[in-house]
Amino acid sequence: MGIREFPSGTARGKSMAIGMRRSPDVSPRRLSDISPQLRQLKYLVVDEAIKEDLKWRSVEDLTSASSVGLTSIEERILRITGYYGYQPWATSYKSKRFVSPTPAWPSTPPAGGRGSPCCQTCSMDQLKKIFWGVVVVLGVCSSWSGSTQLAKLTFKKFDAPFTLTWFATNWNFLFFPLYYIGHVCKSSEKQSPQQRYGECCRFFGDNGLTLKAFFTKAAPFGVLWTLTNYLYLHAIKKINTTDVSVLFCCNKAFVFLLSWIVLRDRFMGVRIVAAILAIAGIVMMTYADGFHSHSVIGIALVVGSASTSALYKVLFKLLLGSAKYGEAALFLSVLAVFNILFVTCIPVILYFTKVEYWSSFDAIPWGSICGFSVLLLTFNIILNFGIAITYPTLISLGIVLSVPVNAIVDHYSSDIVFNSVRVIAIVIIGLGFLLLLLPEEWDEWLIKLLTRLKVRKKEEIPEGNGDIVSGLQNKSRRTRPSMSSFTH
Numbered sequence: 001m002g003i004r005e006f007p008s009g010t011a012r013g014k015s016m017a018i019g020m021r022r023s024p025d026v027s028p029r030r031l032s033d034i035s036p037q038l039r040q041l042k043y044l045v046v047d048e049a050i051k052e053d054l055k056w057r058s059v060e061d062l063t064s065a066s067s068v069g070l071t072s073i074e075e076r077i078l079r080i081t082g083y084y085g086y087q088p089w090a091t092s093y094k095s096k097r098f099v100s101p102t103p104a105w106p107s108t109p110p111a112g113g114r115g116s117p118c119c120q121t122c123s124m125d126q127l128k129k130i131f132w133g134v135v136v137v138l139g140v141c142s143s144w145s146g147s148t149q150l151a152k153l154t155f156k157k158f159d160a161p162f163t164l165t166w167f168a169t170n171w172n173f174l175f176f177p178l179y180y181i182g183h184v185c186k187s188s189e190k191q192s193p194q195q196r197y198g199e200c201c202r203f204f205g206d207n208g209l210t211l212k213a214f215f216t217k218a219a220p221f222g223v224l225w226t227l228t229n230y231l232y233l234h235a236i237k238k239i240n241t242t243d244v245s246v247l248f249c250c251n252k253a254f255v256f257l258l259s260w261i262v263l264r265d266r267f268m269g270v271r272i273v274a275a276i277l278a279i280a281g282i283v284m285m286t287y288a289d290g291f292h293s294h295s296v297i298g299i300a301l302v303v304g305s306a307s308t309s310a311l312y313k314v315l316f317k318l319l320l321g322s323a324k325y326g327e328a329a330l331f332l333s334v335l336a337v338f339n340i341l342f343v344t345c346i347p348v349i350l351y352f353t354k355v356e357y358w359s360s361f362d363a364i365p366w367g368s369i370c371g372f373s374v375l376l377l378t379f380n381i382i383l384n385f386g387i388a389i390t391y392p393t394l395i396s397l398g399i400v401l402s403v404p405v406n407a408i409v410d411h412y413s414s415d416i417v418f419n420s421v422r423v424i425a426i427v428i429i430g431l432g433f434l435l436l437l438l439p440e441e442w443d444e445w446l447i448k449l450l451t452r453l454k455v456r457k458k459e460e461i462p463e464g465n466g467d468i469v470s471g472l473q474n475k476s477r478r479t480r481p482s483m484s485s486f487t488h
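Residue numbers 1 to 488, in our numbering, belong to the letters of the sequence shown in order.
Have a look at this one:
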């Protein structure tokens with residue numbers, strides 16, 4: 001499909017001549033004829049004024065092009081790219097330039113060497129986010145690794161992982177009261193608990209938190225929540241906490257795979273590589289202990305916990321979408337209500353069947369159990385609400401940093417052997433986790449960075465050549481003999 005030629009004598013040819021100017025020496029017929037010019041466009045450094053002109057003239061030119069018979073997409077692209085001599089920055093177009101109603105900050109700093117107020121505000125906000133990010137990373141790392149180690153200590157005296165899961169999940173009821181206290185302290189518009197509860201209930205539907213919404217939108221997630229925590233705690237009984245914490249990091253890869261299949265998220269090759277690394281790390285971790293039944297069962301339990309956690313996140317996004325802070329707090333409190341009403345019978349059954357049995361309530365290590373529950377509650381609070389004060393990537397870093405913390409504790413408190421296979425598996429899974437933290441636009445940012453480096457290098461080369469030429473000229477002047485020395 002090429003560009004149609006019209007004779008200049010016809011009316012359509014006259015309108016074509018009026019609508020756009022062709023270059024007198026070149027008349028391209030395909031986009032391949034101007035491919036060198038199109039490749040050069042990404043290296044152009046355009047002035048801000050030109051950008052505004054291009055922004056507001058591009059739509060007008062497409063409209064005018066269609067009115068004069070430009071029905072070909074290739075013709076419109078050629079016209080927008082300026083191949084026919086269209087120059088929006090020329091003086092004839094200056095009078096039609098759009099004036100933005102909001103004033104722009106000056107591009108050069110004012111007198112005194114200080115930057116613009118906008119740049120100072122942005123930098124301060126970024127510094128605050130980074131500072132709080134460090135605090136959040138330390139909080140996530142310490143709470144997650146601390147809860148894991150406390151659970152390991154608790155099972156030495158209280159061998160009841162499901163009962164511990166049930167007890168810790170009941171503490172989720174504090175989510176909404178804690179959120180309301182923060183709302184009263186920070187918000188300018190004070191609302192009563194009933195009003196705030198009514199607004200947050202709209203997350204479950206127009207009718208609020210009805211019995212149908214409770215069983216269809218909260219109960220399935222309550223089951224997944226309990227199953228995820230139970231499998232994780234049961235795995236701690238079988239294998240060391242280092243293997244448990246590093247294998248649970250694979251849930252990030254499972255979330256990507258499920259989102260790609262179920263939610264039709266964007267395909268990213270780097271995340272496929274990360275998922276492959278996670279699977280390879282699981283296999284190597286299994287091989288590290290020689291495929292013993294005890295370790296294989298523990299690894300299978302952790303992988304199951306990571307899978308149910310990924311299913312929880314994907315189904316939440318599929319069925320409920322995104323939630324505000326108050327809605328998320330209410331949802332987690334509702335999960336605690338579901339746990340109290342419908343899961344309480346399971347620990348009772350396990351107790352009387354002596355699957356999870358303890359001699360007396362005085363023998364229960366209440367300090368360890370309550371400490372585990374508080375640390376797990378702190379971890380979930382930071383994980384769900386930390387995004388309000390810092391970047392989500394920094395929050396995820398706290399989870400992977402808990403792996404070396406658990407490794408150090410296990411090295412001094414257990415008989416774990418860090419052989420080469422286990423170390424390689426830990427590194428592979430950690431690398432896959434970090435690759436999954438890359439944003440979706442990481443490739444575009446990398447291309448822009450490389451382009452800027454190329455442009456800067458091209459700008460430095462002529463300056464270097466100019467310095468060499470000036471140096472040679474000065475040297476030739478110094479070595480040139482003076483005519484006065486020959487007068488004698």
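Idealized CB from N, CA, C, for every residue including glycine.
> Between the C-alpha atoms of residue 116 and residue 206, what's the straight-line distance to the nearest angstrom?
Replying inline: Working through the sequence shown from its first residue, we reach residue 116 at position 116. Working through the sequence shown from its first residue, we reach residue 206 at position 206. No answer about residue 116 holds up, because its pLDDT of 49 lies below 50 and its placement is not dependable.
> What separation, rounded to the nearest whole angstrom, lies between the Cα atoms of residue 184 and residue 382?
Replying inline: The residue given as residue 184 occupies position 184 in the sequence shown. The residue given as residue 382 occupies position 382 in the sequence shown. A direct Cα-to-Cα measurement between residue 184 and residue 382 gives close to 19 Å.
> If you draw a straight line from the alpha carbon of residue 379 to that of residue 140, how long is it in whole angstroms?
Replying inline: As a position in the sequence shown, residue 379 is number 379, starting the count at 1. As a position in the sequence shown, residue 140 is number 140, starting the count at 1. The alpha-carbon atoms of residue 379 and residue 140 are separated by roughly 6 Å.
> When you compare each of 358, 432, 339, 356 to residue 224 by their alpha carbons, which one comes out closest?
Replying inline: Within the sequence shown, residue 224 is the residue found at index 224, counting from 1. Taking only the C-alpha atoms, the option nearest residue 224 is 339.
>> I'd like to know whether the C-beta atoms of residue 164 and residue 369 end up nearer to each other than 8 Å.
In response: In the sequence shown, the residue the question calls residue 164 occupies position 164. In the sequence shown, the residue the question calls residue 369 occupies position 369. Taking 8 Å as the Cβ cut-off, residue 164 and residue 369 qualify as a contacting pair.
> Which residue comes first and which comes last in the alpha helix (DSSP H) that contains residue 180?
Replying inline: Translated into the one-based positions of the sequence shown, residue 180 becomes position 180. For residue 180, the enclosing alpha helix (DSSP H) stretches over residues 175-186.
>> Suppose the cutoff is 6 Å on Cβ atoms and the five residues either side in sequence are ignored; what does the same chain contact list for residue 289 look like?
In response: Here the question's residue 289 lines up with position 289 in the sequence shown. 295, listed in sequence order.
> In whole angstroms, what is the alpha-carbon distance linking residue 227 and residue 447?
Replying inline: Stepping through the sequence shown from its first residue, residue 227 is reached at position 227. Stepping through the sequence shown from its first residue, residue 447 is reached at position 447. Pairing residue 227 with residue 447, the inter-Cα distance amounts to about 43 Å.
> Are the region 263-281 and the region 200-218 in contact at 8 Å, needing three or more beta carbon pairs?
Replying inline: Judged by Cβ distances under 8 Å, the region 263-281 makes no contact with the region 200-218, as fewer than three pairs qualify.
> Rounded to a whole number of angstroms, what is the C-alpha to C-alpha distance between residue 279 and residue 364?
Replying inline: Taking the sequence shown and counting its residues from 1, the one referred to as residue 279 is at position 279. Taking the sequence shown and counting its residues from 1, the one referred to as residue 364 is at position 364. A direct Cα-Cα distance of roughly 38 Å separates residue 279 from residue 364.
> Whose C-beta lies closer than 7 Å to the C-beta of residue 312 among residues of the same chain, with five residues either side of it excluded?
Replying inline: Within the sequence shown, residue 312 is the residue found at index 312, counting from 1. If we look at residue 312 and ignore the five residues flanking it on each side, its Cβ neighbours are 221, 224, 225, 228.
> Can you tell me the Cα-Cα spacing of residue 494 and residue 196, whole angstroms?
Replying inline: Since the first residue of the chain shown is 1 and the last is 488, residue 494 is not available in this structure.
> Where does residue 199 sit, in a helix, a strand or coil, going by DSSP?
Replying inline: In the sequence shown, the residue the question calls residue 199 occupies position 199. Look at residue 199 here: in three-state DSSP terms it is helix.
>> Could you tell me the alpha carbon to alpha carbon distance between residue 146 and residue 410, rounded to whole angstroms?
In response: To locate residue 146, count along the sequence shown from 1; it is residue 146. To locate residue 410, count along the sequence shown from 1; it is residue 410. Approximately 12 Å between the Cα atoms of the pair.
> Roughly how many angstroms separate the alpha carbons of residue 390 and residue 132, rounded to a whole number?
Replying inline: In the sequence shown, residue 390 corresponds to position 390, counting from 1. In the sequence shown, residue 132 corresponds to position 132, counting from 1. Our two residues, residue 390 and residue 132, have alpha carbons roughly 6 Å apart in a direct line.
> Can you give the Cα-Cα distance for residue 328 and residue 318, rounded to whole angstroms?
Replying inline: The residue you call residue 328 lines up with position 328 of the sequence shown. The residue you call residue 318 lines up with position 318 of the sequence shown. Between residue 328 and residue 318, the C-alpha separation is close to 15 Å.
> Between 244, 400, 325, which lies nearest to residue 201 when the distance is taken from Cα to Cα?
Replying inline: Position 201 of the sequence shown holds residue 201. Nearest Cα to residue 201 within the set 244, 400, 325: 325.
> Can you name, in chain order, every residue of its own chain whose Cβ lies under 7 Å from the Cβ of residue 304, other than the five neighbours on each side?
Replying inline: Counting from one through the sequence shown, the residue named residue 304 turns up at place 304. If you ignore the 5 residues before and after residue 304, its C-beta comes within less than 7 Å of the C-beta of 231, all in its own chain and listed in chain order.
> Along the chain, which unbroken stretches of the alpha helix (DSSP H) at least 4 residues long are found entirely within the region 223-273?
Replying inline: Entirely contained in the region 223-273, the alpha helix (DSSP H) runs reaching 4 residues are, in chain order, 241-248, 251-262.
>> Rounded to whole angstroms, what is the Cα-Cα separation between residue 181 and residue 419?
In response: Taking the sequence shown and counting its residues from 1, one reaches residue 181 at position 181. Taking the sequence shown and counting its residues from 1, one reaches residue 419 at position 419. Approximately 49 Å between the Cα atoms of the pair.
> Alpha carbon to alpha carbon, how far is residue 252 from residue 314?
Replying inline: On the sequence shown, residue 252 is found 252 positions in, with the first residue counted as 1. On the sequence shown, residue 314 is found 314 positions in, with the first residue counted as 1. If I take the Cα positions, the gap works out to 11 Å.
> Which residues bound the alpha helix (DSSP H) around residue 407?
Replying inline: One-based indexing of the sequence shown puts residue 407 at position 407. Element bounds for residue 407: 392-413.
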